[in-house]
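Student:
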Amino acid sequence: MMFSQDQRRQFERDGFFVVAGFFTPTEVAVMQDEIERFKREGLLRNVSTDGDGTTQSSRKRNLQLCPTSPHSPRFRALPFADKVVSAVSELIGDPALLRLDQVFLKPGGDGAGTAWHQDNAYFKVKDPMKGVAMWIAVHDATIANGTMHMIPGMQYVELEHSRDMNSDHHIRCYPDESNQVPCEIAAGGVVFFAYGTPHCTKGNSTDKDRAGLAYHFFHADYPPQGTASDSTPHLTGSEANGGTQEYGEDQRGSWNTFVAEFVTDLADAT
Ligand SMILES: O=C(O)CCC(=O)C(=O)O
1 MMFSQDQRRQ FERDGFFVVA GFFTPTEVAV MQDEIERFKR EGLLRNVSTD
51 GDGTTQSSRK RNLQLCPTSP HSPRFRALPF ADKVVSAVSE LIGDPALLRL
101 DQVFLKPGGD GAGTAWHQDN AYFKVKDPMK GVAMWIAVHD ATIANGTMHM
151 IPGMQYVELE HSRDMNSDHH IRCYPDESNQ VPCEIAAGGV VFFAYGTPHC
201 TKGNSTDKDR AGLAYHFFHA DYPPQGTASD STPHLTGSEA NGGTQEYGED
251 QRGSWNTFVA EFVTDLADAT
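Reading the sequence shown from the start, the letters are residues 1 to 270 in the numbering used here.
Written out as structure tokens, the structure is:
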């Protein structure tokens, strides 16, 4: 077992738990390097709007790339890393599939948060504990830079969602925020949370960028509504083939290779 009994109990009870240091500092460096490339190449899009749901904001930025996998061999490979596969399998059971991968970057100064929502308002799986998200803190995530906030124990409560008029495509809900929990985590830490758990991020009031890399997984018996089967690789179970069918090559082991190559390149450059 990868997680302690306490962690599994917290997941069942609260709908989320935090794992410090799930990724090593070297893995974090690879992620940060990739995000810097996204910035250089203009791959991140500002989804913040000025209150009308359509006009891109020039005052605040919530930068997103969704999905990342077509643009990033590294982020395509990451969910097939052994520890990720084991974690997901332990939380939702087998067969487990990957639904989505995306990056949210809140730039220093004008970085805007992502409003309260339950992922299941998008995915609509029959049991909100049979879908799990892994949100990776790519930079240290603090209250000041608007880290992930969660509301415990609400994962089975279906909240009403409407369009978030401060975003060009997101939806949002308005939960009772009185017992919200800010998840302050050093880079490389992860929040695992159920599709039903209400969560949000807040604005970044620091002068440094903060990014989160999010993956969404589900159990085969609980498919998200409208999911095309050719875009959801099996991570575990008899049909698991490392995303060969979806991505044209087996991703298993590739994340570790990318990390090793990064270390070698860094050593060569110094
Ligand atoms: O990082 C963020 O701003 C929000 C992430 C999120 O809401 C999610 O992964 O569902």
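For glycine and all other residues, C-beta sits at the position ideal for the given N, C-alpha and C.
All figures in this text were calculated on a predicted structure; none of them were measured in a lab.
1) Do Phe104 and ligand 1 come close, with the Cβ less than 7 Å from some heavy atom?
2) So is Ala87 buried or exposed if we call it buried at 16+ other beta carbons inside 10 Å?
3) Within the present structure, is the beta-carbon of Ala133 separated from the nearest heavy atom of ligand 1 by less than 7 Å?
4) Could you give the DSSP three-state label for Asn120: helix, strand or coil?
5) With a floor of 3 residues, list each beta strand (DSSP E) that falls wholly inside the segment 81-154, ordered by position along the chain.
6) Between the segment 146-161 and the segment 244-262, do at least 3 Cβ pairs fall closer than 8 Å?
7) Can you check DSSP and say which residues form a bridge with Tyr215?
8) Provide the residue span of the beta strand (DSSP E) that contains Thr26, from first to last.
9) Figure out for me which residue from Asp33, Pro107 and Ile151 has the closest Cα to the Cα of Lys60.
10) Where do the ends of the beta strand (DSSP E) carrying Ala194 lie?
11) Does ligand 1 have a heavy atom nearer than 7 Å to the CB of Gly212?
12) Can you tell me the Cα-Cα spacing of Asn46 and Ser57, whole angstroms?
13) Which residue's Cα is closest to the Cα of Pro128: Gln102, Tyr156, Pro152 and Cys183?
14) Over what stretch of residues does the beta strand (DSSP E) that includes Val157 continue unbroken?
Tutor: Based on what the coordinates show:
1) For Phe104, the CB falls within less than 7 Å of some heavy atom of ligand 1.
2) It counts as buried.
3) Annotation for Ala133 indicates a beta carbon within 7 Å of some heavy atom of ligand 1.
4) Asn120 falls in the helix class under three-state DSSP.
5) Listed in chain order, they are 96-106, 131-137 and 148-150.
6) Verdict: no, contact absent.
7) Tyr215 is bridged by DSSP to Asp101 and Met134.
8) Not the beta strand (DSSP E): Thr26 falls in the alpha helix (DSSP H), residues Pro25 to Arg40.
9) Distances from the CA of Lys60 to each of Asp33, Pro107 and Ile151 were compared; the closest alpha carbon is that of Pro107.
10) Counting along the chain, the beta strand (DSSP E) containing Ala194 begins and ends at Val190 to Ala194.
11) Correct: Gly212 has its Cβ closer than 7 Å to ligand 1.
12) A direct Cα-to-Cα measurement between Asn46 and Ser57 gives close to 8 Å.
13) Closest option to Pro128, Cα to Cα, is Tyr156.
14) Where Val157 is concerned, there is no enclosing beta strand (DSSP E), given that its DSSP letter is neither H nor E.
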